[in-house]
Amino acid sequence: MVVNKPLWHNPRVSIGGRLPAPWASRALRLTCVTAVLVAGCYWLRYHDLVETHCELLEDLSVATLAQVEASPPRLVPGDVERLRYPLERAREFIRIAEQRHAGRESLTELTALVGVYAELIDAVERMRVGMTDAAPIPPLVADIRARAERVRATVRSEKD
Numbered sequence: 731m732v733v734n735k736p737l738w739h740n741p742r743v744s745i746g747g748r749l750p751a752p753w754a755s756r757a758l759r760l761t762c763v764t765a766v767l768v769a770g771c772y773w774l775r776y777h778d779l780v781e782t783h784c785e786l787l788e789d790l791s792v793a794t795l796a797q798v799e800a801s802p803p804r805l806v807p808g809d810v811e812r813l814r815y816p817l818e819r820a821r822e823f824i825r826i827a828e829q830r831h832a833g834r835e836s837l838t839e840l841t842a843l844v845g846v847y848a849e850l851i852d853a854v855e856r857m858r859v860g861m862t863d864a865a866p867i868p869p870l871v872a873d874i875r876a877r878a879e880r881v882r883a884t885v886r887s888e889k890d
């Protein structure tokens with residue numbers, strides 16, 4: 731079978747056989763580069779990412795409290811690991827954000843929230859293995875909720 735098409739394609743030739751206008755090609759390249767840069771700019775989405783980490787940690791802590799307060803408590807080893815992954819992601823975000831946003835109050839508040847969340851995970855693990863009872867967990871969750879509200883208020887004030 732013989733194919734009457736060339737083995738290579740000249741990308742500079744358009745469908746009609748003409749070269750595209752130089753300004754159109756440059757404008758398209760500039761638009762693509764701008765879109766990629768804006769989508770990838772970590773620092774442009776800083777406040778959204780702070781709020782996302784804050785909400786996730788708060789929601790997980792409230793859900794954990796519900797599991798602890800159930801009769802009998804419904805905790806398995808996988809639950810603790812499920813809590814650890816968002817903690818590690820939040821710590822990684824803080825590490826990266828500190829390079830560009832060091833000194834921001836929202837980052838300081840998020841760091842404090844992450845610290846209390848880590849204490850919650852430790853308390854849940856100690857409870858799960860029978861080292862302590864559930865007494866320290868409700869105050870930790872209340873502290874997380876209060877700190878999460880401070881993070882959100884700080885983010886709102888920084889956006890204004």
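Position 131 of the sequence shown, counting from 1, maps to 861 under this note's numbering, and the rest follow consecutively. Glycine included, C-beta positions come from ideal geometry on N, C-alpha and C. Everything numeric in this text was worked out from a predicted model, so none of it was measured.
Give the range of the alpha helix (DSSP H) segment to which residue i is assigned.
| i | result |
| --- | --- |
| Leu870 | 867-889 |
| Leu813 | 807-831 |
| Ser801 | Where Ser801 is concerned, there is no enclosing alpha helix (DSSP H), given that its DSSP letter is neither H nor E. |
| Gly860 | Unbroken run through Gly860: none, as it is neither H nor E. |
Less than 8 Å between the CB atoms is what I'm expecting for residue i and residue j, so what's the real figure, rounded?
| i | j | result |
| --- | --- | --- |
| Tyr847 | Ile826 | Wrong, their Cβ atoms sit about 18 Å apart, outside the cutoff. |
Judging by CA-CA distance, which residue of the options is the nearest neighbour of residue i?
| i | options | result |
| --- | --- | --- |
| Thr838 | Ala872, Val780, Ser801 | Val780 |
| Gly845 | Gln829, Arg858, Pro866, Arg821 | Arg821 |
| Phe823 | Leu840, Val792, Arg882 | Leu840 |
| Glu799 | Leu843, Arg830, Asp852, Pro866 | Pro866 |
| Arg775 | Val810, Arg830, Arg858 | Arg830 |
| Leu786 | Ala832, Asp852, Tyr815 | Tyr815 |
Look at the Cβ atom of residue i, then the Cβ atom of residue j, and state whether they are nearer than 9 Å.
| i | j | result |
| --- | --- | --- |
| Val854 | Leu813 | yes |
| Glu835 | Thr782 | no |
| Glu879 | His777 | no |
| Leu850 | Leu870 | yes |
| Cys784 | Val881 | yes |
| Pro807 | Ala864 | no |
| Leu790 | Met857 | no |
Using 10 angstroms around the beta-carbon of residue i, count the other beta-carbons present and answer buried if the total reaches 16, otherwise exposed.
| i | result |
| --- | --- |
| Ser801 | exposed |
| Ala872 | exposed |
| Met861 | exposed |
| Arg886 | exposed |
| Val768 | Bear in mind that the predicted position of Val768 carries a pLDDT of just 48, short of 50, making it too unreliable to give a figure here. |
| Asp852 | exposed |
| Glu788 | buried |
| Asp890 | exposed |
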